[in-house]
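>
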Amino acid sequence: MSDSPASIIAEDRLLNYLVLSAQALCCYDYCITFASEVQFIWSKKFSLPVALFYAFRYPAVLNTLFIALGYFPWWSWQTQHSCVIIIRFEMAGDVLILTSSAVFTAMRVYALFHKSTTLFSVTLILGLIAPVISTYCFILSWPILYEITPGYSVCYIENAYVTNLWMMGARASSLVFDGFVLGFTWTATRRVATFGRSKIVLMRDTAVYFGFLFALNVLAIAIAAVHLTFIVVVNTWTAILTAVLLSRLMLDLRAAVIDVELIQAENSTSSSRNWTTSSFSRVLGSLIFTGRRQQEDVAIELASCGTSTVETYTVPGDGAEVHMS
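Counting in our numbering, the sequence shown tops out at residue 307, every number present.
#1: For S82, does the three-state DSSP call read helix, strand or coil?
#2: With H, G and I counted as helix, E and B as strand and the rest as coil, what does DSSP make of S135?
#3: Compare the Cα-Cα distances from T87 to each of E19, V163, L30, Y53 and report the closest residue.
#4: Using 10 angstroms around the beta-carbon of T145, count the other beta-carbons present and answer buried if the total reaches 16, otherwise exposed.
#5: Cα-Cα, which of T220, C13, T131, A154 is closest to A(-8)?
#6: Count the C-beta pairs between the stretch 154 to 163 and the stretch 103 to 112 that are closer than 8 Å, then say yes if the count reaches three, no if not.
#7: Going by the beta-carbon positions, is the gap between A84 and A112 smaller than 9 Å?
#8: Run through the DSSP bridge pairs and tell me what I126 is partnered with.
#9: Do the CB positions of S229 and F48 come within less than 9 Å of each other?
#10: Inspect the CB distances between the stretch 16 to 29 and the stretch -6 to 4 and report whether three or more fall short of 8 Å.
#11: Given A202, which residues of its chain have a CB within under 6 Å of its CB, disregarding the five upstream and five downstream residues?
#12: Going by the beta-carbon positions, is the gap between V136 and D(-6) smaller than 9 Å?
#13: From which residue to which residue does the alpha helix (DSSP H) around L51 run?
#14: For the alpha helix (DSSP H) that contains T211, what are its first and last residues?
#15: What span of residues does the alpha helix (DSSP H) with Q5 cover, start to end?
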């Protein structure tokens, strides 16, 4: 930081507003989806998907507090010690979001590809590169209270340049990861030929998430190549979009279970079900494959939450038996 105080303050305020806009989006989404969370998450038994939901949703919401306290000057109470605490909590939240999303995505690939432990391992390893780099930056960085002028002090990373270079590497690894998962999901979707439009909806579930993040990571690398400081903004937006999109996907999956229950109630005497493409696509996103490969058919079992009712659907083509609880 060798520029004049006025230019430093102007750039700092721009960064702050861009970061705060991401947090505003997070809080807005939290408010409009809170009722769905109460209905579909709070009322259900605690499980691994629920734990993942909390892991990538609430750190993003709580980061609003840490960003407000750390990114804006509060000269009346800010100290070196408070800056260390605030920035450490913020970094820990980002790492938790990235880690939980990597686990969730690996489970999704595991389901789509017939309980393939190889693809699960590869996806998980690729997904964990970014949080591992972030953790290294977490250890490497040293937060300080940076006084720009006597009346304007902000929390800052002393070795920010080195840290930002590592974070640019994290964005590059995320770019590879997003492209990898998007490609494999598209491959899996092509196998569900019988459902026609379901291919489009299946891709929507994943493409919205990975498409946004893929584009964001491309933009991050381009921006960082011109002005490395703005990698901080992109890191925040990446964490927020990850939390928002995965939270919405999880809520959609829970809503899909309710759709299946309604179908069961309306067609209790029917031996086979014709359910909506939307329901099929959303449920497929969180299927747990039981691993029985078949040459001709794909048997999909859906067990409604809170009941022992099980339904089996058969899709022509290569596949595996699928069970969802």
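Beta carbons are placed, not taken as given, at the ideal position from N, Cα and C, and that holds for glycine.
In this structure, then:
#1: helix
#2: In this structure, S135 counts as strand in the three-state DSSP scheme.
#3: V163
#4: buried
#5: T131
#6: Enough Cβ pairs lie closer than 8 Å, so yes.
#7: yes
#8: Y138
#9: With contacts defined by Cβ atoms closer than 9 Å, S229 and F48 do not form a contacting pair.
#10: no
#11: Correct list, in chain order: R153, V216.
#12: yes
#13: Run containing L51: 30 to 53, per the alpha helix (DSSP H) assignment.
#14: Taken as a continuous stretch (DSSP letters only), T211 belongs to no alpha helix (DSSP H), as it is neither H nor E.
#15: Where Q5 is concerned, the enclosing alpha helix (DSSP H) stretches over -13 to 19.
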